[in-house]
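Q: Just passing along the structure, written as structure tokens.
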Ligand SMILES: O=C(O)CCC(=O)C(=O)O
Ligand SMILES: [Fe+2]
């Protein structure tokens with residue numbers, strides 16, 4: 001199409017460009033999230049074989065599941081950190097954080113983080129103490145010789161929309177109240193601190209964009225005026241009661257060779273306590289970096 005401006009200059013637009021940039025956002029392959037309760041996921045657990053994940057179509061399916069369900073598993077991955085890294089880098093580059101690019105942990109208490117124990121950990125989001133929390137977390141079980149250590153996932157956006165149905169007022173409180181989170185490692189002299197809301201909405205669509213939920217990392221609530229604290233706790237506890245509700249909890253055993261990827265802006269994760277030696281390896285991907293890959297495949 002030829003466009004002539006008021007000053008007489010001429011610009012040519014390709015038909016495809018005009019369609020792609022039109023106000024209509026119904027692109028053929030766009031994926032919208034399917035919010036889930038645990039029984040909806042039991043029969044369609046998204047798994048991709050390692051060799052398939054290495055093909056273009058396999059990669060597309062993996063990242064499609066990540067967008068739709070907020071998680072996906074790659075199975076049959078050789079039990080090495082290098083292979084964990086390869087599986088993740090097949091999607092996009094790995095974020096470098098205070099824990100390093102690729103971290104691994106056992107229950108030796110090496111870092112001041114609950115992950116480095118053999119305790120159960122309730123559903124939470126990671127890096128809530130970052131201003132921009134990590135978009136995706138990946139976890140690979142390299143070894144486990146004992147009992148327990150099951151993995152828990154909860155669709156936090158589903159839980160939050162349940163709060164919206166029950167009490168729009170509480171939902172609004174969670175989108176407006178500033179809650180600080182922090183991570184302090186005295187030995188390594190790390191001190192991270194963020195001020196964000198528990199729920200944040202996309203400025204454009206007003207749909208949920210991010211859930212930040214981590215009681216372990218919550219800092220003293222000095223950001224909330226005393227007269228608002230009771231209402232905040234009512235709202236927060238309502239959200240928590242949806243999160244710990246068994247119909248929203250998806251439990252499964254992450255076997256050695258399975259790499260789990262999940263959207264840390266949407267899903268909460270946790271684990272049950274365990275015995276024996278258990279070594280997990282993992283890392284983070286950036287939200288924008290993953291979204292860029294989604295756009296490359298016309299999924300976003
Ligand atoms: O040990 C696990 O399965 C998960 C621990 C955890 O919450 C994490 O690594 O972020
Ligand atoms: Fe975690």
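Numbering (full-length UniProt numbering), first residue to last: 1 to 300. By construction, the Cβ of each residue, glycine as well, lies at the ideal position given by its N, Cα and C atoms.
Ignoring anything shorter than 3 residues, give me the beta strand (DSSP E) runs that lie fully in the segment 95-154, in order along the chain.
A: Listed in chain order, the complete beta strand (DSSP E) runs (minimum 3 residues) inside the segment 95-154 are 103-105, 121-124, 136-144.
Q: At the level of alpha carbons, what is the spacing between residue 188 and residue 143?
A: Position 188 of the chain shown, counted from the first residue, corresponds to residue 188. Position 143 of the chain shown, counted from the first residue, corresponds to residue 143. Each residue's alpha carbon lies about 27 angstroms from the other.
Q: At 3 residues or longer, and completely inside the segment 195-227: list those beta strand (DSSP E) runs for me, N to C.
A: Counting only runs of 3 or more, we get 199-201, 208-211.
Q: Give, in chain order, every unbroken run of the beta strand (DSSP E) that is at least 3 residues long and sits entirely within the segment 239-278.
A: Listed in chain order, the complete beta strand (DSSP E) runs (minimum 3 residues) inside the segment 239-278 are 249-252, 259-263, 267-271.
Q: Report yes if the C-beta of residue 243 is less than 6 angstroms from at least one heavy atom of ligand 1; otherwise report no.
A: For this step, residue 243 is matched to residue 243 along the chain shown. No; taking the cut-off as 6 angstroms, the Cβ of residue 243 has no heavy atom of ligand 1 nearer than that.
Q: With DSSP run on the structure shown, which of helix, strand or coil describes residue 87?
A: As a first step, residue 87 must be located in the chain shown, where it is residue number 87. Residue 87: helix per DSSP, three-state reduction.
Q: State buried or exposed for residue 194, treating a residue as buried only when at least 16 other CB atoms are found within 10 Å of its CB.
A: Working through the chain shown from its first residue, we reach residue 194 at position 194. The residue is buried, with at least 16 neighbouring Cβ atoms inside 10 Å.
Q: Nearest CA to the CA of residue 33: which residue from 68, 62, 53?
A: Here residue 33 refers to the residue found at position 33 of the chain shown. Nearest C-alpha to residue 33: 68.
Q: Buried or exposed: where does residue 270 fall if 16 or more other Cβ atoms within 10 Å of its Cβ makes it buried?
A: Locating residue 270 in the chain shown gives position 270, where the first residue counts as 1. By the neighbour-count rule (16 or more Cβ atoms within 10 Å), residue 270 is buried.
Q: In its own chain, which residues sit with a C-beta less than 7 angstroms from the C-beta of residue 83, not counting the 5 before and 5 after it?
A: Translated into the one-based positions of the chain shown, residue 83 becomes position 83. Excluding sequence neighbours, residue 83 sits near 77.
Q: How is residue 157 classed by DSSP in three states: helix, strand or coil?
A: Here residue 157 corresponds to residue number 157 of the chain shown, with the count starting at 1. Helix at residue 157.
Q: Output needed for residue 126: all residues of its chain with C-beta closer than 8 angstroms, excluding positions within five of it in sequence on either side, in chain order.
A: Walking along the chain shown from the start, residue 126 turns up at place 126. The answer, listed in chain order, is 133, 134, 137, 214, 264, 269, 284.
Q: Compute the distance between the beta-carbons of residue 139 and residue 282, then report whether it is under 7 angstroms.
A: Taking the first residue of the chain shown as position 1, residue 139 is located at position 139. Taking the first residue of the chain shown as position 1, residue 282 is located at position 282. Going by C-beta atoms, residue 139 is nearer than 7 angstroms to residue 282.
Q: Please report the Cβ distance between residue 48 and residue 72, rounded to the nearest whole angstrom; I am assuming they are in contact, meaning their Cβ atoms lie under 8 angstroms.
A: The sequence position of residue 48 within the chain shown is 48, counting from 1. The sequence position of residue 72 within the chain shown is 72, counting from 1. About 6 angstroms separates the two Cβ atoms, so the contact holds.
Q: Taking all protein chains shown into account, do 16 or more other C-beta atoms lie within 10 angstroms of the C-beta of residue 210, making it buried, or fewer, making it exposed?
A: What you label residue 210 is simply residue 210 of the chain shown in a count that begins at 1. Counting Cβ neighbours within 10 Å, residue 210 comes out buried, since at least 16 surround it.
Q: Taking buried to mean at least 16 other C-beta atoms within 10 Å of its own C-beta, is residue 158 buried or exposed?
A: By 1-based counting over the chain shown, the position of residue 158 is 158. By the neighbour-count rule (16 or more Cβ atoms within 10 Å), residue 158 is buried.
Q: Can the beta-carbon of residue 185 be found less than 7 angstroms from the beta-carbon of residue 112?
A: Position 185 of the chain shown holds residue 185. Position 112 of the chain shown holds residue 112. Contact: yes.
Q: Shortest alpha-carbon distance to residue 199 belongs to which of 2, 178, 70?
A: Position 199 of the chain shown holds residue 199. Comparing Cα-Cα distances from residue 199 to each of 2, 178, 70, the minimum goes to 178.
Q: Going straight from the alpha carbon of residue 46 to that of residue 20, what length do you get?
A: In the chain shown, residue 46 corresponds to position 46, counting from 1. In the chain shown, residue 20 corresponds to position 20, counting from 1. If I take the Cα positions, the gap works out to 30 angstroms.
Q: Exposed or buried, which one is residue 241 when buried takes at least 16 other CB atoms within 10 Å?
A: The residue given as residue 241 occupies position 241 in the chain shown. With fewer than 16 other Cβ atoms within 10 Å, it is exposed.
Q: From residue 18 to residue 4, what does the alpha carbon distance come to, in whole angstroms?
A: The sequence position of residue 18 within the chain shown is 18, counting from 1. The sequence position of residue 4 within the chain shown is 4, counting from 1. So the alpha carbons of these two residues sit roughly 16 angstroms apart.
Q: Does the Cβ of residue 126 lie closer than 6 angstroms to at least one heavy atom of ligand 2?
A: As a position in the chain shown, residue 126 is number 126, starting the count at 1. Checking the Cβ of residue 126 against ligand 2 gives yes.
Q: Do residue 256 and residue 92 have their C-beta atoms closer together than 7 angstroms?
A: On the chain shown, residue 256 is found 256 positions in, with the first residue counted as 1. On the chain shown, residue 92 is found 92 positions in, with the first residue counted as 1. Result no, Cβ atoms of residue 256 and residue 92 do not sit closer than 7 angstroms.
Q: Please name the residue in 162, 299, 261 whose C-alpha comes closest to that of residue 248.
A: Mapped onto the chain shown, residue 248 falls at position 248. The candidate whose alpha carbon is nearest that of residue 248 is 162.
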